[in-house]
Amino acid sequence: MTASAPLYAAIMDYCQKAGTRLHMPGHAGSKKAFPEPFHSIIALDLTEVQGLDDLHWPSGPIETAQQLTAQAFGARKSRFLVNGATSGIHSFFLGLGEKSKVLVARNAHRAFYTGMVLSGAFPVYIPCKLDASGLALAVDEHDIATLLSEQSNIDAAALVSPSYFGSTCCIDRISKLLHDHAIVMMVDEAHGGHFYFHPRYPQTALAAGADVVINGLHKTLPVMTQGACLHIGKDCPAPERFLRAASLLTTTSPSYVIMASIDLAREWMERHGREALERAMLLSNAYRDKIDSIKGFGCSIKELMITGVQDIDPLKILITIKNLAEDGYTVSRRLRQEWGIEVEWESRHSLLAMMSIFHEEKDWERLYQALSRISQQAGHRVAAAVAEPPPWPEPQVQLSPRQAHFAPKRAVPLKSSVGRLCGEMIVPYPPGIPCLLPGEKITAEVCTYIEELRRTGHHIQGGEGEADHILIVDGS
Ligand SMILES: Cc1ncc(COP(=O)(O)O)c(C=O)c1O
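With this note's numbering, letter number 368 in the sequence shown gets 1112, and the count goes up by one each step, no holes.
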């Protein structure tokens, strides 16, 4: 096994041969401070000693492991990341020129926004397509084409596919459109690392023509938390700028344990991934139908196939609360307290269960049994109204996220904020899409929307006192 997981092999070799470790890390591999089983991890926790290469100038086992990863994913080059998908997204923005104009999917993770604070990019936001329960599932090529016809000098596009909920965009068609306009495209494929190991899972962003792809490998593969990868696509223009940015943002003491777990996971997936993914897909097909047939719940893929969605990850099980007398928060609490089941995410209208290739039939069955029992006990009523989607902002921001980040700010009552520039991120859940980002103009429409959410008891991230007050850019 170790021959095809070169970094892991080099670490094991070092551990077997090393006598006295007179180098970092400070634990020196000693058992004294660490009880078992933690000690076994610590023993492998090494640094750039002889034979173990250097992530910043790789020419040994790290380089070989990265090349094997690139081959497995169909990339021109792959670079290990030890600070999650976030650092890959930051690397993309930092690799673009200062003040680049970038099309940014509005359903993006906060790492897009913080990446723009680092780089100085100016976003032009792409609206998203929402499902019936208000969840942002995709961006659509037609909306991108409209923005391209309205906006000039777009340098890059930054999209999310799959979404957190498992829906993929038509990246192949979007990629063609953007490349016709000579626009470099990054896809945050944080939740799609497993797509590369089975042909009937959704099409991968690299195969669909993306220039830069970020996989948060720890999310869906047997990789330790923080392990991720930045891939360079086959036709990416000037790829070195993104790799240099990744190096600039990376610690000089990257975790060898995390990197070795990426090496081992890639190796394992090449050997066993297809079979494991096949089994998981069959379980998913069977249990989606079973869950969909429980009174009060919905789990049909059909409802997710809205405009802009190309495919759905079989391992993201999005369960809609239909006409159950309990909401998603209550169901989630009952699953935890009565069944010991912890779901990935919940909202008033939905639950998201993340299944992995390592879950067995008994795990799927337990979820099904629990939901069936809750349905019988909870009773049913007319379905609750779904929150309206936020009003989309003007595509063009007034200040870049970086300018807004550094600008002096003060809190004002929400009512008197209309016409000012927002100084913070306001995110209602659901749908989890920011309805205001720093640097955006606060419209009367968005104020009314926030007031309505507050009145109906929705959870809002940002805004002092549940968005009773809001931070504005001073002097705006
Ligand atoms: C879609 C998406 N992109 C990026 C990230 C950031 O990933 P990480 O936590 O690996 O930095 C997340 C985290 O949940 C995410 O859901």
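Quick reminder that beta carbons are idealized off the backbone N, C-alpha and C, glycines included.
Not one heavy atom of ligand 1 falls within 7 angstroms of the beta-carbon of G936. For I1101, the three-state secondary structure derived from DSSP is coil. With at least 16 other beta carbons inside 10 angstroms of its own, T948 counts as buried. Here A982 is exposed. Its C-beta has fewer than 16 other C-beta atoms within 10 Å. Under the DSSP assignment, Q1054 falls outside any alpha helix (DSSP H), being part of the beta strand (DSSP E) whose first and last residues are 1053 to 1056. Counting every other CB atom within 10 Å of its CB across the protein chains shown gives L1143 a total of 16 or more, marking it as buried. Set against 7 angstroms, the gap from the CB of D932 to the closest heavy atom of ligand 1 is smaller. Short note on A972: C-beta closer than 7 angstroms to some heavy atom of ligand 1.
Residue pairing for N959: DSSP places it in a beta bridge opposite C973. At a threshold of 7 angstroms, Y908 counts as near ligand 1, since its beta carbon sits closer than that to one of the ligand's heavy atoms.
Remark: the C-beta of V904 is in contact range of ligand 1, defined as less than 7 angstroms to any heavy atom. Residue pairing by DSSP places D932 opposite V904, I958 in a beta bridge.
If you draw a straight line from the Cα of H923 to the Cα of T830, it is about 25 angstroms long. Contact fails between the region 982 to 998 and the region 1033 to 1045, because fewer than three Cβ pairs, one in each stretch, are under 8 angstroms apart. Taken through DSSP and simplified to helix, strand or coil, T996 comes out as coil. With respect to K1060, G910 sits close: the two C-beta atoms are nearer than 8 angstroms. Judged by DSSP secondary structure, K1046 falls outside any beta strand (DSSP E); it is assigned neither H nor E.
If you ignore the 5 residues before and after V1001, its C-beta comes within less than 8 angstroms of the C-beta of I785, L788, D789, M968, all in its own chain and listed in chain order.
In this structure, K761 is the residue among K761, R850, S774, L974 with its C-alpha nearest to the C-alpha of Q794. Residue range 866 to 870 is occupied by the beta strand (DSSP E) that includes Y869, with no alpha helix (DSSP H) assigned at that position. For the pair I1065 and D1107, the Cα-to-Cα distance works out to about 21 angstroms.
In this structure, T1192 keeps its C-beta atom at 8 angstroms or more from the C-beta atom of S1100. If you ignore the 5 residues before and after H1103, its C-beta comes within less than 8 angstroms of the C-beta of A1024, L1027, all in its own chain and listed in chain order.
Cβ-Cβ distances below 7 angstroms link C759 to A787, L788 in the same chain, with the five nearest sequence neighbours on each side left out; the list follows chain order. By the CB criterion at 8 angstroms, L874 and S907 fall outside the cutoff. In its chain, beyond the 5 residues on either side, K821, S822 have a beta carbon closer than 6 angstroms to the beta carbon of A814. Going by C-alpha positions, V883 is about 15 angstroms away from K920. Sixteen is the threshold: when 16 or more other Cβ atoms of the shown chains lie within 10 Å of the Cβ of K845, as they do, the residue is buried. With 16 or more other Cβ atoms inside 10 Å of its own Cβ, H938 counts as buried. By the neighbour-count criterion, in which 16 or more other beta carbons inside 10 Å mark a residue as buried, K1153 falls on the buried side. Contact annotation: A951 and M930 have beta-carbon atoms that are not nearer than 8 angstroms. Check the Cα spacing between C1166 and each of A816, F817, H1213, S893: the tightest is with H1213.
In this structure, ligand 1 has a non-hydrogen atom nearer than 7 angstroms to the beta-carbon of A829. Exclusion of the five residues before and after T1051 leaves K873, D884 as the residues of its chain whose Cβ lies within less than 7 angstroms of its Cβ. Counting the other CB atoms within 10 Å of its CB gives P943 a total below 16, which places it among the exposed residues. The beta carbon of N1029 is closer than 8 angstroms to those of P1058 in its chain, skipping five residues each way along the sequence.
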